[in-house]
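Since the structure comes first, as structure tokens, the remarks are kept for the end.
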Amino acid sequence: MCAGDADVQGDVFGAVQERRGSMSGDTMRCGLDMALVNGSVVTVNGRDDVVEVLGIRGNRIAYVGGDEGIRPFLTDGTVVVDLQGRTLMPGINDTHFHPILNGLLGMERDSGMIDTTNKNCRSLQEMLAMIEDAVRHKEPGRWISMMGYEPELFSGERRHPTIDELDGVAPDNPVHCMHGGGHICMYNTRALEYLEVHRPQDAAKYPRDEVEVLDGRLTGMVRGHTHFALWGMVDYSEEQQRAAAMKSHQQALEAGITSIGDMGECGSTSYHIMQKLCRDGDFKVRVNMALHSIFGKKFSLEQNEHWMQLGFMSGLGDEHFRVGPSKFMIDGGSGAPSCATREPYSHD
46 MCAGDADVQG
56 DVFGAVQERR
66 GSMSGDTMRC
76 GLDMALVNGS
86 VVTVNGRDDV
96 VEVLGIRGNR
106 IAYVGGDEGI
116 RPFLTDGTVV
126 VDLQGRTLMP
136 GINDTHFHPI
146 LNGLLGMERD
156 SGMIDTTNKN
166 CRSLQEMLAM
176 IEDAVRHKEP
186 GRWISMMGYE
196 PELFSGERRH
206 PTIDELDGVA
216 PDNPVHCMHG
226 GGHICMYNTR
236 ALEYLEVHRP
246 QDAAKYPRDE
256 VEVLDGRLTG
266 MVRGHTHFAL
276 WGMVDYSEEQ
286 QRAAAMKSHQ
296 QALEAGITSI
306 GDMGECGSTS
316 YHIMQKLCRD
326 GDFKVRVNMA
336 LHSIFGKKFS
346 LEQNEHWMQL
356 GFMSGLGDEH
366 FRVGPSKFMI
376 DGGSGAPSCA
386 TREPYSHD
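So the sequence shown is numbered by the working numbering: it starts at 46 and just counts up by one.
This is the structure we're talking about:
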């Protein structure tokens, strides 16, 4: 770092004024772009030091320390921000996030997925009423997609909806009613038709128990990779995905999250959307994007094999957006529960 005269008197704010017009061209070029002063700066260094001042040049932290040390690097072009005693800390990295999937959830009529988490949906009857309301605003044949409910948190009957209940409120629309854990989902008869499952015997086309049959009847529950493949039939438009990403972007910034690992979205369209939003400067949170489709192993295998054949590797990209790891789900999830365990689940 270039330094100018170090004999400036007065506080940091005064130093900016005192140095105007008295600095060399080199110092002007090498000064700080921004100085954040009068705060508690959490460094997270080896000693967990907390200092008063942080200086930035370009997109790099160029100085951490006290008021006295930063003065030589202040120029008339330096933006000085008074933290007024507030804490300044490094941004949070969320290593497992789904910005598009998260942003699709909402209570608005044009939301990609109806948010049925407990804050919005406290009973089975409320959830069925949500589906009934959605039917009134969708054309026959259009998907009704929802996610988030936990039967254990319902008041009254603590169970999944039955296929008959889903058919009763949505006879002409396929319904995708996903548990909060994401690994199991309740579908109605119209939705199961996309799997060419019309009768209990048709469940045998798929891995054991992934299309559930109890007492000789389809229940509507679909698990694991078969569920993800059927989920892939639900159409989320590019416009919906773009708006969803930006909704999550705002939520991340409000929570102090400045970088994420995007652990899977809606396939190739989502990769393009996230890359373009980052390239254009709209999505300011840094993204390390996994090669993974939330629509299951089949889609993920196709996409990963395509990337490998092209010769691309993890790390391709820049500081703002880069290709991260490959992600595959071998088994189910514990929340539903749907993955194999040596001992029975306490909540099965």
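Glycine is no exception: its CB is placed at the ideal position from the N, C-alpha and C atoms.
Given the structure is predicted, the values throughout are model-derived calculations rather than measurements.
Reference F199; option with closest CA among Y390, I208, N163 and V180: Taking the first residue of the sequence shown as 1, we reach residue 199 at position 154. Considering only alpha carbons, the answer is N163.
Exposure label - P219; buried when at least 16 CB within 10 Å: Stepping through the sequence shown from its first residue, residue 219 is reached at position 174. P219 comes out buried.
Coil, strand or helix - H351 by DSSP: Indexing the sequence shown from 1 puts residue 351 at position 306. In this structure, H351 counts as helix in the three-state DSSP scheme.
Rounded C-alpha distance that separates G309 from H294: The count along the sequence shown starts at 1 and reaches residue 309 at position 264. The count along the sequence shown starts at 1 and reaches residue 294 at position 249. Straight-line Cα distance between these residues: approximately 16 Å.
Assigned secondary structure, A107 (DSSP; H/G/I helix, E/B strand, else coil): Taking the first residue of the sequence shown as 1, we reach residue 107 at position 62. Strand, per DSSP.
E255, buried or exposed, once every other Cβ within 10 Å from all chains shown has been counted against 16: Your numbering for residue 255 matches position 210 in the sequence shown. Looking at its Cβ environment, which holds 16 or more other Cβ atoms inside 10 Å, E255 is buried.
Burial state of D307 (16 or more Cβ within 10 Å): Taking the sequence shown and counting its residues from 1, one reaches residue 307 at position 262. The residue in question, D307, is buried, as its Cβ has 16 or more Cβ neighbours within 10 Å.
Contacts around V124, its chain only, beta-carbon distance under 8 Å, and the 5 residues preceding and following it disregarded: Taking the first residue of the sequence shown as 1, we reach residue 124 at position 79. Cβ within range, chain order: D78, M79 and A80.
Buried/exposed call for A290, threshold 16 Cβ in 10 Å: On the sequence shown, residue 290 is found 245 positions in, with the first residue counted as 1. With 16 or more Cβ atoms within 10 Å of its Cβ, A290 is classed as buried.
Runs of beta strand (DSSP E) lying entirely within the stretch 248–335, each at least 3 residues, in chain order: 256–259, 262–268 and 302–307
Extent of the continuous beta strand (DSSP E) to which P370 belongs: In the sequence shown, counting from the first residue as 1, residue 370 sits at position 325. That run of the beta strand (DSSP E) goes F366 to S371.
Segments of 3+ residues assigned as beta strand (DSSP E) that fall wholly inside the stretch 160–221: 189–194
Sequence-distant residues of the same chain with beta carbon closer than 7 Å to Y281, five excluded per side: For the purposes of this step, residue 281 is identified with residue 236 of the sequence shown, where counting begins at 1. Hits under 7 Å: L149, G157 and C311.
As assigned by DSSP and simplified to three states, the class of S67: In the sequence shown, counting from the first residue as 1, residue 67 sits at position 22. Its pLDDT being 27, under 50, S67 is placed unreliably in this model, and the value from its coordinates should be taken loosely. In the structure shown, S67 sits in coil (DSSP, three-state: anything other than H, G, I, E or B).
Beta-carbon contacts of V96 that lie in its chain and below 6 Å, excluding the five residues immediately before and after: The residue you call residue 96 lines up with position 51 of the sequence shown. Hits under 6 Å: V86, V109 and G110.
Reduced DSSP category for A381 - H, G, I as helix; E, B as strand; rest coil: On the sequence shown, position 336 is the one that residue 381 refers to. DSSP places A381 in coil when its eight states are reduced to three.
Beta-bridge pairing of S338 - partner residues as DSSP gives them: Residue numbering aside, residue 338 sits at position 293 when the sequence shown is read from its first letter. Paired residue(s): E310.
Chain-order list of residues whose beta-carbon lies under 7 Å from that of K183 (same chain, five-residue window excluded): One-based indexing of the sequence shown puts residue 183 at position 138. Excluding sequence neighbours, K183 sits near I189 and N218.
Whether L394 touches A236 by CB criterion (8 Å): Only positions 46 to 393 of the chain appear in this structure, which leaves residue 394 out of reach.
Buried versus exposed, by CB contacts within 10 Å (16 or more), Y390: Taking the sequence shown and counting its residues from 1, one reaches residue 390 at position 345. Answer is exposed; the Cβ neighbour count stays below 16.
G122 to G76 span [Cα, whole Å]: Translated into positions along the sequence shown, residue 122 becomes position 77. Translated into positions along the sequence shown, residue 76 becomes position 31. Using only the alpha carbons, I get a separation of about 8 Å.
Own chain residues within Cβ distance below 6 Å of S371, not counting five before or after: In the sequence shown, the residue the question calls residue 371 occupies position 326. L336 and N349, listed in sequence order.
Beta bridge counterpart(s) of R102 as assigned by DSSP: Here residue 102 corresponds to residue number 57 of the sequence shown, with the count starting at 1. Answer is R105.
Burial state of S345 (16 or more Cβ within 10 Å): Against the sequence shown, residue 345 aligns to sequence position 300. The residue is buried, with at least 16 neighbouring Cβ atoms inside 10 Å.
Spatial distance of G362 from E299 (CA atoms): Position 317 of the sequence shown holds residue 362. Position 254 of the sequence shown holds residue 299. Taking the straight line from one Cα to the other gives about 26 Å.
Length of the line joining the Cα atoms of S379 and T271: Start at 1 with the first residue of the sequence shown, and residue 379 comes out as number 334. Start at 1 with the first residue of the sequence shown, and residue 271 comes out as number 226. Distance between the alpha carbons of S379 and T271 is about 17 Å.
Among G91, D93, R92 and G114, the one whose alpha carbon lies nearest that of L99: Taking the first residue of the sequence shown as 1, we reach residue 99 at position 54. If we check each option's Cα against that of L99, G114 comes out closest.
Minimum C-alpha distance to R102 - residue among G91, V89, D94 and F118: Here residue 102 refers to the residue found at position 57 of the sequence shown. The candidate whose alpha carbon is nearest that of R102 is F118.
Contact belief for F273 with F373 at Cβ below 8 Å, rounded distance in angstroms: For the purposes of this step, residue 273 is identified with residue 228 of the sequence shown, where counting begins at 1. For the purposes of this step, residue 373 is identified with residue 328 of the sequence shown, where counting begins at 1. The Cβ separation is near 12 Å, so there is no contact.
8 Å contact criterion, which I305 and V332 should meet: CB distance rounded: The residue labelled residue 305 in the question sits at position 260 within the sequence shown. The residue labelled residue 332 in the question sits at position 287 within the sequence shown. Yes, I305 and V332 are in contact; Cβ-Cβ is about 6 Å, under 8 Å.
Beta-carbon contacts of D139 that lie in its chain and below 8 Å, excluding the five residues immediately before and after: Here residue 139 refers to the residue found at position 94 of the sequence shown. Here the set comprises A297, I302, S304, I305 and G306.
Pairwise C-alpha distance: P135 and S338: Stepping through the sequence shown from its first residue, residue 338 is reached at position 293. Stepping through the sequence shown from its first residue, residue 135 is reached at position 90. So the two alpha carbons sit approximately 30 Å from each other.
Buried versus exposed, by CB contacts within 10 Å (16 or more), M152: For the purposes of this step, residue 152 is taken as the residue at position 107 of the sequence shown. By the 10 Å Cβ count, M152 comes out exposed.
Coarse secondary structure for L240, derived from DSSP in three states: Taking the sequence shown and counting its residues from 1, one reaches residue 240 at position 195. Note: L240 maps to helix in three-state DSSP.
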